[in-house]
Amino acid sequence: MARRDISGAVDFAYLEGFAAGDFGVIDEVLALFREQAALWTPMLDPAHPGWKDAVHTVKGAARGVGAFALGEVCERCEAGEVGLDAVKSALDVALMDIAAYAHEQALRSLKG
Numbered sequence: 001m002a003r004r005d006i007s008g009a010v011d012f013a014y015l016e017g018f019a020a021g022d023f024g025v026i027d028e029v030l031a032l033f034r035e036q037a038a039l040w041t042p043m044l045d046p047a048h049p050g051w052k053d054a055v056h057t058v059k060g061a062a063r064g065v066g067a068f069a070l071g072e073v074c075e076r077c078e079a080g081e082v083g084l085d086a087v088k089s090a091l092d093v094a095l096m097d098i099a100a101y102a103h104e105q106a107l108r109s110l111k112g
């Protein structure tokens, strides 16, 4: 994975600007987002009693890391315009972008 694998689901320029280019902070924030996504995913099921809270939480976290498309899908889900499958799909795309970005940063660090 590398930058060419980034779909645009996450605005990394926004995140880099917000973190003032501190890649240590960016790595921490993205790692936390990935860890939390693993917790949210099982809740993104209509049978789960906390699915609405999970969608709302994902919306805020997504916007915080620059995953604005995911945040928009969550907002539309809250409004009843799309279902949880759309949220799960958008979350997967954002996570793939984050993985590609993290891989690219790891390669950069190896080059020194």
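Numbering follows UniProt numbering, with no gaps: position 51 of the sequence shown is 51. All residues carry an ideal CB built from backbone N, CA and C; glycine is no exception. Please read all numbers here as calculations on a predicted model, not as lab measurements.
Outcome for residue i when other beta-carbon atoms lying within 10 angstroms are tallied against a minimum of 16
| i | result |
| --- | --- |
| F23 | exposed |
| G66 | buried |
| A20 | exposed |
| K59 | buried |
| L70 | buried |
| D97 | buried |
| A47 | exposed |
Spatially closest choice to residue i from the options, by CA coordinates
| i | options | result |
| --- | --- | --- |
| S45 | S89, A31 and A102 | With the sequence shown as reference, residue 45 is identified as Asp, and Ser is not the correct amino acid for it. For the residues S89, A31 and A102, the minimum Cα distance to D45 belongs to S89. |
| A9 | A100, E104 and Q105 | A100 |
| A38 | G17, L84, D92 and V82 | D92 |
| G106 | E78, D11 and D27 | Gly is not the amino acid found at residue 106; the sequence shown has Ala there. If we check each option's Cα against that of A106, D27 comes out closest. |
| L30 | E16, P42 and E78 | E16 |
| P42 | D85, A13 and F12 | D85 |
| G80 | K52, F12 and I6 | K52 |
| A76 | A94, A61 and H56 | The amino acid at residue 76 is misidentified as Ala; the sequence shows Arg. Here the closest residue by C-alpha is H56. |
| I6 | A61, V73, L95 and F68 | L95 |
Delimiting residues of the alpha helix (DSSP H) encompassing residue i
| i | result |
| --- | --- |
| G60 | W51 to V65 |
| G71 | F68 to E78 |
| L44 | No alpha helix (DSSP H) holds L44; DSSP gives it neither H nor E. |
Near the ligand ATP: residue i beta-carbon under 8 Å from a heavy atom
| i | result |
| --- | --- |
| M96 | With respect to the ligand ATP, the structure offers nothing, as it holds no ligand at all. |
Cβ separation of residue i and residue j, assumed to be a contact under 8 Å, to the nearest whole Å
| i | j | result |
| --- | --- | --- |
| A61 | F33 | 6 Å |
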